[in-house]
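Reviewing the structure listed below.
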Amino acid sequence: MMLCLGVALWPLAVAAAPPDPGADAWRAQFAREVDHRLEVPTADQARYVALLKQALADANVTDTSAQTLLLVDRSPQVQAAFVILHTEQDAWSFIGATAVSTGKVGSYNHFLTPLGVFPHTLENPDFRSEGTLNDNHIRGYGRRGMRVFDFGWQQAQRGWGTGAISQMRLQMHATDPDVLEARLGNVASEGCIRIPATLNVFLDSHGLLDVVYEQAVNDGRHLWVLKTDRDIIEWPGQYMVIVDSLTQERPVWSPAPKP
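Taken in order, the sequence shown gives residues -16 to -1, 1 to 243; the numbers are from mature numbering (1 follows the signal peptide of the UniProt record, and there is no 0).
This is the structure we're talking about:
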């Protein structure tokens, strides 16, 4: 369920994070394992941390424990996801950023990707791609075995007709490796968040958004969707946060994909 509209509980001032060996190690691992990376300047990192903190405050999220969060900017001029670590000392560290694709309006059944804070829970269990081709010869969820992160039914603005609000299934997933992945960085989806296959594997293998799943496993539940060889980050979280920076011009660090 989307969380929204609350009171400011997170301190909104953004200070430079002190050196953190743990964050540095995961930053290096992100650089080794994930492609379609974006090199976000320090000033822009601070701006996105401020947007993230404001979204959490607006959603009345009071969980200030050490955790990893995924921030998505749906602005057509940006189209990026940012992995951000928050520590119990209220420090914020950028782990890495990649190009993504969010909802492209103007066609039937295409939604504007909704804004808000979306917990990743077992209320809407994840599943894995079968890797099959659709009628357009596209693997909509990517190669077989790619994880589909399911955030349930959400209210979103239709991208067709009168632009009314209705329900859409909000998911984050890989996309067709042969046709669509090269187009990441442009609005293109029906409302979901398309991510690089390597980011999908990184989130999946290291459990960045799996704190609820890991708690269930520790309580004795068997969750088939979790890999047995995963190497879990020390600070798993659960929140995907979607914002719109309202950026008017394409920043140099987030170039549009080649035609």
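Just so you know, even glycine gets a beta-carbon here, dropped at the ideal spot from N, CA and C. Only a predicted model underlies this, so the values are computations on that prediction, with no experimental measurement involved.
For the pair ASP188 and ALA166, the Cα-to-Cα distance works out to about 21 Å. In chain order, VAL196 place their CB closer than 6 Å to the CB of THR105, counting only its own chain and leaving out the 5 sequence neighbours on each side. DSSP links ASP57 through a beta bridge to ALA64 and VAL227. A residue is called buried once 16 or more other Cβ atoms fall within 10 Å of its Cβ, and THR52 is buried on that count. For GLY6, the uninterrupted alpha helix (DSSP H) segment begins and ends at 5 to 17.
VAL45 is positioned such that its CB atom lies closer than 7 Å to that of VAL101.
By the neighbour-count definition (other C-beta atoms within 10 Å, threshold 16), ASP19 is an exposed residue. The C-alpha of SER229 is placed about 6 Å away from the C-alpha of SER59.
Using a Cβ-Cβ distance cut-off of 8 Å, the stretch 200 to 220 and the stretch 21 to 38 are not in contact, since fewer than three pairs of beta carbons, one from each stretch, lie closer than that value. With a beta-carbon spacing of about 7 Å, ALA140 and ILE149 fall inside the 8 Å limit used to define contacts. A residue is called buried when at least 16 other Cβ atoms come within 10 angstroms of its Cβ; TYR92 does not meet this threshold and is exposed.
Burial is judged here by how many other beta carbons sit within 10 angstroms of a residue's own beta carbon; ASP110 has at least 16 and is buried.
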